[in-house]
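Residue numbers (the working numbering): 325 to 792.
Quick notes on the structure that follows.
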Ligand code: SAM
Ligand code: SF4
């Protein structure tokens, strides 16, 4: 496919929606917000109306609606995971990334399987059950065989007490062919994650000098190939700060709609990474289109209203205050205690600027994040149930849309959090967590509470991984 081949991203149409200068009267914006409150999502032109109306009164109404939709669909659950960087070798030269080929100051490293075992054991000892594996794109060192071996190794590592194990591995690696996606699926991964970085072709061309990643369309259609290969859950995203964030939001929605139309299910997750400083990465250190904190909150709220059943993932690129504010506005999954250099958990105390991909905004430990999540009124979840019980892709959406998924997620969140508190938490954190669980149970309907208490009872008696 050459650079002018049309794709499902209609740039002119998106620019047209954003350039519409007719002021949105408050009645029209109210109609969009009222529709969003029904939890049925928004069309592109409706999301564009919200993106254009950035006055303070509309923003307040937008935030209020996003809080209500988030609460109605996700309640107070927040799913936790940790990234695991396997290798920082890369043959690409993305202008925003510390792993770029031309960053000669980067100390390159690819974990051996023994080093990976050690990393995974450390994460398990902290209480993690879900990881996201990442690598740079290097045909030699980060080839698919290496990744598949790493997945097998990570799933096989168990702690001596039998409680520590990784139950779900999501993967964020360069796009594959359909046959290679089939091999990836066979390895038992959860979600395949890939960010388009920017959906704006001209910006994409500037940011990605010649190398495997320079092919915009190859990346854009990666999710089609993944779904065609039988992977059910895919996660999309844009690196915010490269181009107008409003364009990227509409393009992500167009991507979601395309997947829904072709495969009958939209993306499982949308990630919202904001550009962070990175070593020798010119575009990261002077973002071409910086996204202000207020606009960042607005875009998360608009995504929440536009695709209410798609999880929104926030990483430790953001600082603690911003993370806390975004839980209410739409974020449903967060990474915690993260390191972005290969081997980062084994050598967490050292300064690894010369091995890490970008700087972190939130450097708190998993336990500190958990305490803060509880104090904010949310319940941390280590649940991996849906994927392991086959509730993925369209099956997941069929449960999610009528609101039935909560009947599984809420009890599973409590039982997996109680596992964490029992097996890993300090007495102080355990006390905070037990109060959090009690408050959560008190808010539940009678049948949901009974179902949850049955799981809680089993965990207290020593059973683990009790899913419903
Ligand atoms: N190398 C693969 C790729 O590019 O798709 C795998 C993922 S890469 C390790 C993870 C993601 O980090 C990239 O897709 C990019 O969006 C993000 N990233 C790179 N540089 C960043 C920066 N300076 N700040 C924030 N995120 C960044
Ligand atoms: Fe390599 Fe990915 Fe970084 Fe680009 S974003 S330089 S492909 S690791």
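C-beta: ideal position from N, C-alpha, C; glycine also.
Taking buried to mean at least 16 other C-beta atoms within 10 Å of its own C-beta, is residue i buried or exposed?
i: residue 411; result: buried
i: residue 358; result: exposed
i: residue 751; result: exposed
i: residue 704; result: buried
i: residue 642; result: buried
i: residue 794; result: There is no way to answer for residue 794, as the model of the chain reaches only from 325 to 792.
i: residue 645; result: exposed
i: residue 344; result: exposed
i: residue 610; result: exposed
i: residue 769; result: exposed
i: residue 362; result: exposed
i: residue 617; result: exposed
i: residue 329; result: exposed
i: residue 585; result: exposed
i: residue 771; result: exposed
i: residue 735; result: buried
i: residue 501; result: exposed
i: residue 282; result: No statement about residue 282 is possible, as the shown extent of the chain runs from 325 to 792 and does not include it.
i: residue 635; result: buried
i: residue 333; result: buried
i: residue 664; result: buried
i: residue 543; result: buried
i: residue 785; result: exposed
i: residue 621; result: buried
i: residue 340; result: exposed
i: residue 476; result: exposed
i: residue 462; result: buried
i: residue 478; result: buried
i: residue 666; result: buried
Less than 6 Å separating the Cβ of residue i from some heavy atom of the ligand SAM?
i: residue 591; result: no
i: residue 498; result: yes
i: residue 550; result: no
i: residue 439; result: no
i: residue 679; result: no
i: residue 575; result: no
i: residue 563; result: yes
i: residue 608; result: yes
i: residue 614; result: no
i: residue 763; result: no
i: residue 671; result: no
i: residue 602; result: yes
i: residue 682; result: yes
i: residue 566; result: no
i: residue 803; result: An answer regarding residue 803 cannot be provided, because it is not within the stretch 325 to 792 covered by the chain.
i: residue 472; result: no
i: residue 458; result: yes
i: residue 519; result: yes
Using a Cβ-Cβ distance cut-off of 7 Å, determine whether residue i contacts chain E.
i: residue 353; result: Among the chains in the structure shown there is no chain E, since it carries only a single protein chain.
Cβ pair count under 8 Å reaching 3, the region 479-494 against the region 684-699
Taking a contact to require three or more Cβ pairs closer than 8 Å, the region 479-494 and the region 684-699 do not qualify as touching.
Quick check: the region 397-416 against the region 427-443, are there 3 or more CB pairs under 8 Å?
yes
Report the residue ranges of all alpha helix (DSSP H) runs contained in full by the region 681-707; include only those spanning at least 4 residues, in chain order.
690-699
Okay, do the region 520-538 and the region 490-497 touch, 3+ Cβ pairs below 8 Å being the bar?
no
Contact shell at 6 Å, judged by CB to any heavy atom of the ligand SF4, ordered along the chain:
414, 416, 418, 421, 423, 424, 460, 461, 537
Would you check if the region 368-378 and the region 597-608 touch, i.e. whether three or more CB-CB distances between them fall below 8 Å?
Contact between the region 597-608 and the region 368-378 is absent: fewer than 3 CB-CB pairs across the two stretches fall below 8 Å.
Answer yes if the region 550-561 comes into contact with the region 504-512, meaning at least three C-beta pairs across the two stretches below 8 Å, and no otherwise.
yes
Pairing CB atoms from the region 575-594 with CB atoms from the region 376-394, are three or more of them under 8 Å?
Taking a cut-off of 8 Å for Cβ pairs, the region 575-594 and the region 376-394 do not touch, as fewer than three such pairs fall below it.
Cβ contact (3+ pairs, closer than 8 Å) linking the region 769-778 and the region 417-426:
no
Is the region 373-392 touching the region 419-429, taking contact as three or more C-beta pairs under 8 Å?
Contact fails: fewer than three Cβ-Cβ distances are below 8 Å.
Could you tell me which uninterrupted beta strand (DSSP E) segments, each at least 3 residues in length, are contained entirely in the region 589-668, listed from first to last along the chain?
593-595, 635-638, 657-659
In chain order, which continuous runs of the alpha helix (DSSP H) of length 4 or greater are located wholly inside the region 742-781?
Runs of the alpha helix (DSSP H) inside the region 742-781: 751-767.
Runs of 3 residues minimum, wholly inside the region 403-464: which ones carry the beta strand (DSSP E) assignment?
454-459
Does the pairing of the region 449-457 with the region 620-635 give three or more beta-carbon distances under 8 Å?
no
Which full runs of the beta strand (DSSP E) of 3+ residues lie inside the region 544-589, going along the chain?
557-561
Please give the ranges of any beta strand (DSSP E) in the region 504-541, keeping only runs that are unbroken, at least 3 residues long and fully inside the region.
515-517
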